[in-house]
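Read the structure below first, then the notes.
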Amino acid sequence: MNLSDSRTIKADIDTVWAALLSADVLKECVPGCQEMTGSPEDGFQAVVVQKVGPVKATFKGEVELREMQPPHSVKIVGAGKGGAAGFAKGGADVRLDADGDSTVLQYDVEAKVGGKLAQLGSRIIDGFAKKMADEFFTRFQNALEEPDEDETEAEEETARKGWFKRLVS
Amino acid sequence: MPKDEGIGASSKRREDLRFLTGKGKYTDDINLQGQAYAYFIRSDVAHGTINSIDTSAAEKMPGVEKVFTAADFEGVGGVPCGWQVTDRFGEVMQEPKHPVLAEGKVRHVGDPIAVVVADSLSEARDAAEAVEIDITELEPVLNMKDALKDGATKVHDDLTSNLCYDWGFVEENRDAVDAAIKGAHHVTTLELKNNRLVANPMEPRVAVAEFDSSTDDYTLYTTSQNPHVIRLLMGAFVLGIPEHKLRVVAPDVGGGFGAKIYHYAEEAFCTFAAKAVGRPVKWTSSRSEAFMSDAHGRDHVTKIELAMDKDGQFLALRTDTHANMGAYLSTFAPSIPTWLHGTLMAGNYKTPLIYVNVKAVFTNTVPVDAYRGAGRPEATFQLERVVDKAAREMGIDPIELRRRNFITEFPYATPVAVEYDTGDYHATMDKLLEMSDHAGFEKRAAESKKNGKLRGFGIAHYIEACGIAPSNLVGQLGARAGLYESATVRVNATGSISVMTGSHSHGQGHETSFAQVVADMIGVDEAQIDIIHGDTGRGPMGMGTYGSRSIAVGGSAMVRATEKIINKAKKIAAHLMEASEGDIELKDGAFTVAGTDKSVAWGDVTLAAYVPHNYPLEDIEPGLEETAFYDPANFTYPSGAYGCEVEVDPETGKVTVLAFSAADDFGNIINPMIVEGQVHGGLAQGIGQALVENCAYDENGQLLSGSYMDYTMPRADDLPMFNVDHSSITPCTHNPLGVKGCGEAGAIGSPPALVSAVVDALQRAGHTDVTHIDMPLTPDRVWAAMKS
Numbered sequence: 004m005n006l007s008d009s010r011t012i013k014a015d016i017d018t019v020w021a022a023l024l025s026a027d028v029l030k031e032c033v034p035g036c037q038e039m040t041g042s043p044e045d046g047f048q049a050v051v052v053q054k055v056g057p058v059k060a061t062f063k064g065e066v067e068l069r070e071m072q073p074p075h076s077v078k079i080v081g082a083g084k085g086g087a088a089g090f091a092k093g094g095a096d097v098r099l100d101a102d103g104d105s106t107v108l109q110y111d112v113e114a115k116v117g118g119k120l121a122q123l124g125s126r127i128i129d130g131f132a133k134k135m136a137d138e139f140f141t142r143f144q145n146a147l148e149e150p151d152e153d154e155t156e157a158e159e160e161t162a163r164k165g166w167f168k169r170l171v172s
Numbered sequence: 005m006p007k008d009e010g011i012g013a014s015s016k017r018r019e020d021l022r023f024l025t026g027k028g029k030y031t032d033d034i035n036l037q038g039q040a041y042a043y044f045i046r047s048d049v050a051h052g053t054i055n056s057i058d059t060s061a062a063e064k065m066p067g068v069e070k071v072f073t074a075a076d077f078e079g080v081g082g083v084p085c086g087w088q089v090t091d092r093f094g095e096v097m098q099e100p101k102h103p104v105l106a107e108g109k110v111r112h113v114g115d116p117i118a119v120v121v122a123d124s125l126s127e128a129r130d131a132a133e134a135v136e137i138d139i140t141e142l143e144p145v146l147n148m149k150d151a152l153k154d155g156a157t158k159v160h161d162d163l164t165s166n167l168c169y170d171w172g173f174v175e176e177n178r179d180a181v182d183a184a185i186k187g188a189h190h191v192t193t194l195e196l197k198n199n200r201l202v203a204n205p206m207e208p209r210v211a212v213a214e215f216d217s218s219t220d221d222y223t224l225y226t227t228s229q230n231p232h233v234i235r236l237l238m239g240a241f242v243l244g245i246p247e248h249k250l251r252v253v254a255p256d257v258g259g260g261f262g263a264k265i266y267h268y269a270e271e272a273f274c275t276f277a278a279k280a281v282g283r284p285v286k287w288t289s290s291r292s293e294a295f296m297s298d299a300h301g302r303d304h305v306t307k308i309e310l311a312m313d314k315d316g317q318f319l320a321l322r323t324d325t326h327a328n329m330g331a332y333l334s335t336f337a338p339s340i341p342t343w344l345h346g347t348l349m350a351g352n353y354k355t356p357l358i359y360v361n362v363k364a365v366f367t368n369t370v371p372v373d374a375y376r377g378a379g380r381p382e383a384t385f386q387l388e389r390v391v392d393k394a395a396r397e398m399g400i401d402p403i404e405l406r407r408r409n410f411i412t413e414f415p416y417a418t419p420v421a422v423e424y425d426t427g428d429y430h431a432t433m434d435k436l437l438e439m440s441d442h443a444g445f446e447k448r449a450a451e452s453k454k455n456g457k458l459r460g461f462g463i464a465h466y467i468e469a470c471g472i473a474p475s476n477l478v479g480q481l482g483a484r485a486g487l488y489e490s491a492t493v494r495v496n497a498t499g500s501i502s503v504m505t506g507s508h509s510h511g512q513g514h515e516t517s518f519a520q521v522v523a524d525m526i527g528v529d530e531a532q533i534d535i536i537h538g539d540t541g542r543g544p545m546g547m548g549t550y551g552s553r554s555i556a557v558g559g560s561a562m563v564r565a566t567e568k569i570i571n572k573a574k575k576i577a578a579h580l581m582e583a584s585e586g587d588i589e590l591k592d593g594a595f596t597v598a599g600t601d602k603s604v605a606w607g608d609v610t611l612a613a614y615v616p617h618n619y620p621l622e623d624i625e626p627g628l629e630e631t632a633f634y635d636p637a638n639f640t641y642p643s644g645a646y647g648c649e650v651e652v653d654p655e656t657g658k659v660t661v662l663a664f665s666a667a668d669d670f671g672n673i674i675n676p677m678i679v680e681g682q683v684h685g686g687l688a689q690g691i692g693q694a695l696v697e698n699c700a701y702d703e704n705g706q707l708l709s710g711s712y713m714d715y716t717m718p719r720a721d722d723l724p725m726f727n728v729d730h731s732s733i734t735p736c737t738h739n740p741l742g743v744k745g746c747g748e749a750g751a752i753g754s755p756p757a758l759v760s761a762v763v764d765a766l767q768r769a770g771h772t773d774v775t776h777i778d779m780p781l782t783p784d785r786v787w788a789a790m791k792s
């Protein structure tokens with residue numbers, strides 16, 4: 004399955020780029036991520052717990068960053084094995100374009116599943132993948148953006164928003 | 005007046021008492037002292053190279069006995085194929101090795117790679133998670149036509165291509181058929197797919213094996229339709245165990261439909277592992293495993309051409325079929341698209357020239373083999389659909405076109421090498437038209453129209469070759485086994501009778517119908533007779549149940565053995581009554597001397613046989629037990645006319661089957677109620693194929709329909725009340741009961757009738773460009789056809 008979307012993030016392009024390469028950011032943004040270690044150069048190792056329809060599994064996987072053109076584009080390629088649940092793998096072509104103080108992030112995601120995930124979850128996998136991508140980029144956006152002035156969210160939530168930007172700025 | 009007992013009576017199925025009260029004893033009910041549990045680790049990719057398998061962590065896990073991989077099976081044979089097809093150039097088919105566990109490569113999702121054997125199933129499953137398997141994925145081979153192109157990725161690197169064989173039948177007729185088609189008044193062409201199916205017996209497969217180190221005896225309990233064949237294949241070809249050291253038991257089996265004919269890797273694994281770990285080993289398939297490891301059915305892609313003269317007389321028929329074999333050759337796979345398919349292409353019609361071409365192709369999918377009907381549904385579907393299309397093109401009523409071409413004289417030798425012994429196709433057609441109130445159809449169609457629905461009627465006339473099969477013939481055709489059947493009739497001292505049959509019952513009701521035959525012949529109560537099957541330790545070598553062969557071949561063997569019993573019993577009776585053997589008559593369980601009032605009861609004779617105090621010991625041996633092997637002289641040829649009436653919702657494309665009528669000629673009938681049940685089951689599966697069932701793979705070779713969430717089974721509300729008749733009887737001429745077999749007919753005749761009915765409904769509504777829709781006829785496909 005394939006899906007594409009774009010987001011405008013209220014942060015400059017170098018900040019967004021740095022966030023994309025950070026294991027900590029990835030850990031925070033990948034839904035269900037339990038562990039994320041490694042570096043952009045050597046790749047990341049991840050443990051992700053997810054439930055796809057009736058199948059719940061712990062995926063152990065590798066994430067590689069390929070074709071890096073800082074700070075403009077990168078291809079993120081990942082594959083995770085979920086034991087008896089099967090596997091999931093995919094890639095995302097991510098492009099960044101500066102737009103004033105903001106950055107436009109465009110992505111094309113391609114995902115494949117196999118084994119029990121395909122046997123039991125094929126009907127719902129498209130929706131699932133879209134949900135995962137949406138959640139990832141929403142979290143990613145939240146990690147970078149300052150809280151809105153008029154936002155009245157709980158203090159803890161406010162504190163979380165923009166945490167990466169505060170860290171690097 | 006219906007009979008109460010014996011041949012022709014609707015005796016209630018005695019086995020149902022235990023099935024319906026939960027007392028059936030299935031393989032999974034068998035638990036052996038100290039057994040370990042096997043959990044199979046299966047490939048989750050369609051095609052790949054196995055780089056490494058690391059079992060070290062798993063072997064240290066709690067409860068783990070051993071983790072097996074292909075390395076443990078060095079020197080062990082592969083899972084054998086039981087039929088070798090010779091192609092149209094005289095070369096034998098390409099036959100790849102089918103290892104018990106994948107060696108070097110995985111070739112379909114579900115291909116077993118490693119097995120954990122542990123104290124409990126949960127420990128085995130946990131340890132399986134710790135087995136590290138590194139596989140490099142390869143491009144999967146999925147589309148059959150692409151698979152045959154030059155340079156295509158190969159499923160088996162050691163074969164020259166993905167082509168198993170290119171079969172032509174009858175090859176000598178090829179040019180004549182081509183010429184006849186070229187010169188014909190009209191040729192109707194139809195391209196179609198026969199959709200891939202999963203058999204889905206209610207009981208998944210199970211194997212439990214034990215090894216007795218004190219005697220070197222192995223016992224395997226398995227869900228099989230033919231335990232003797234499993235003993236032969238597994239003993240001789242896989243594990244090298246001689247028959248006298250291997251007992252195979254198939255106890256109550258909850259449905260087979262073909263998928264339990266074959267010898268599977270899991271059976272060989274458990275038997276092998278039981279010795280290796282020194283304790284019994286049990287494997288129970290999950291439903292998910294069944295979807296990706298039970299042999300699938302059908303999966304043909306066909307182009308068929310029918311040439312006619314101006315009056316609609318059939319002149320020639322040519323077919324071009326690609327048949328999917330899957331990744332390995334299942335036990336009987338090569339025979340299905342060839343000898344069980346090409347030989348039926350004449351159908352009920354006197355087409356003088358026929359040429360059938362079949363290319364069998366390896367793909368990265370689950371192996372494909374016989375499924376209820378096995379080749380004959382594929383033959384019937386394409387033939388009846390092309391006849392239906394031809395009728396429209398020629399402007400001749402489809403019933404009339406069939407009648408013009410019906411074979412009417414018997415025996416009839418077809419141009420595809422079989423000889424039909426009997427049949428009366430006009431009689432079954434007449435019966436069908438009466439049963440289905442064909443005359444009232446237009447009125448019903450007008451009624452539907454008023455309600456905004458499209459009504460259609462479809463007809464199919466089928467023939468099948470059953471009673472499989474004459475051994476000398478199938479031997480010439482490449483079978484690596486004989487296809488006779490055996491029976492031992494053991495009369496006990498008090499007169500009760502144990503019949504050991506090589507046929508296997510997994511829903512067919514043999515325990516009832518077979519007993520009716522013997523009861524009828526001797527004249528004793530059916531309750532005095534037990535039918536024993538499914539245990540190589542109890543009965544003589546048998547070939548099992550498939551191809552609607554049980555009553556025609558197994559029943560005939562039982563008749564022959566019972567005749568021997570009666571002959572011997574008459575000798576004993578003659579001695580007891582001091583009469584001449586020729587004057588002895590057996591009636592209602594008593595022996596009499598013709599023309600006298602002398603009589604001796606069955607029980608007195610049987611007792612004399614075992615207590616031979618007053619007995620002709622100089623002439624005959626004591627005891628009363630006889631065995632017969634019966635090898636049929638020909639196939640049997642059941643036939644019938646099927647009619648389907650549907651309503652299509654023009655808004656949604658949903659098809660509702662309103663009525664289904666089946667007029668069959670099964671020859672003589674032993675138990676009408678059981679026959680009716682067999683037809684009902686066959687119709688449900690045929691309508692399931694035509695309406696809802698479909699096994700789907702994605703472009704990566706992932707099995708998408710791997711559960712009942714995505715593989716739709718027919719349900720009661722998909723089916724109408726069936727209208728079934730089998731009063732048109734032309735008895736088989738060459739077996740002693742005059743029977744033809746009824747197990748598969750429903751699944752053979754129904755799909756074309758249903759599809760033709762839907763096409764008829766659409767045509768009547770003005771969709772004249774819709775001449776065919778591929779099965780299953782789901783609402784979206786029918787809707788798309790209407791909008792095209």
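The listed protein sequences derive, respectively, from chains A and B.
Heads up, the first sequence is in this note's numbering, so the first residue is 4 and it goes up one at a time.
Heads up, the second sequence is in this note's numbering, so the first residue is 5 and it goes up one at a time.
Built from N, CA and C at the ideal position, the CB exists for glycine as well.
For residue i, which three-state DSSP category applies?
{"i": "Tyr715 (chain B)", "result": "coil"}
{"i": "Asp179 (chain B)", "result": "helix"}
{"i": "Lys54 (chain A)", "result": "strand"}
{"i": "Leu580 (chain B)", "result": "helix"}
{"i": "Lys29 (chain B)", "result": "coil"}
{"i": "Pro116 (chain B)", "result": "strand"}
{"i": "Tyr429 (chain B)", "result": "helix"}
{"i": "His300 (chain B)", "result": "strand"}
{"i": "Asp539 (chain B)", "result": "strand"}
{"i": "Leu611 (chain B)", "result": "helix"}
Using only CA atoms, which one of the options lies nearest to residue i?
{"i": "Pro208 (chain B)", "options": "B:Met296, B:Gly244, B:Pro356 and B:Gly548", "result": "B:Met296"}
{"i": "Glu65 (chain A)", "options": "A:Asp111, A:Arg169 and A:Pro43", "result": "A:Pro43"}
{"i": "Thr516 (chain B)", "options": "B:Asp653, B:Pro676, B:Asp601 and B:Val390", "result": "B:Pro676"}
{"i": "Ile536 (chain B)", "options": "B:His508, B:Gly559 and B:Gln706", "result": "B:His508"}
{"i": "Cys85 (chain B)", "options": "B:Arg251, B:Lys109, B:Gly710 and B:Thr335", "result": "B:Thr335"}
{"i": "Glu567 (chain B)", "options": "B:Glu629, B:Gly705 and B:Thr660", "result": "B:Glu629"}
{"i": "Ala128 (chain B)", "options": "B:Glu69, B:Ala75 and B:Gly330", "result": "B:Glu69"}
{"i": "Ala789 (chain B)", "options": "B:Val774, B:Thr782, B:Tyr222 and B:Asn476", "result": "B:Val774"}
Any chance the CB of residue i is under 7 Å from a heavy atom of the ligand FAD?
{"i": "Cys274 (chain B)", "result": "In the structure shown, the ligand FAD is absent, as is every other ligand, since no ligand is present at all."}
Can you pull the DSSP bridge partners for residue i?
{"i": "Cys470 (chain B)", "result": "B:Thr640"}
{"i": "Phe62 (chain A)", "result": "A:Val51"}
{"i": "Leu6 (chain A)", "result": "A:Val112"}
What does the alpha-carbon distance come out to for the pair residue i and residue j?
{"i": "Tyr715 (chain B)", "j": "Val257 (chain B)", "result": "23 Å"}
{"i": "Ala421 (chain B)", "j": "Asn739 (chain B)", "result": "20 Å"}
{"i": "Asp17 (chain A)", "j": "Val97 (chain A)", "result": "14 Å"}
{"i": "Glu38 (chain A)", "j": "Leu6 (chain A)", "result": "26 Å"}
{"i": "Ile463 (chain B)", "j": "Lys63 (chain A)", "result": "56 Å"}
{"i": "Gly671 (chain B)", "j": "Gly644 (chain B)", "result": "11 Å"}
{"i": "Lys286 (chain B)", "j": "Lys602 (chain B)", "result": "59 Å"}
* Hey, which unbroken runs of the alpha helix (DSSP H) at 4 residues or more fall wholly within the region 320-374 of chain B? -> none
* Inside the region 83-136 of chain A only - alpha helix (DSSP H) runs reaching at least 4 residues -> 119-124
* Going along the chain, which unbroken runs of the alpha helix (DSSP H) with 4 or more residues stay wholly within the region 639-715 of chain B? -> 676-695
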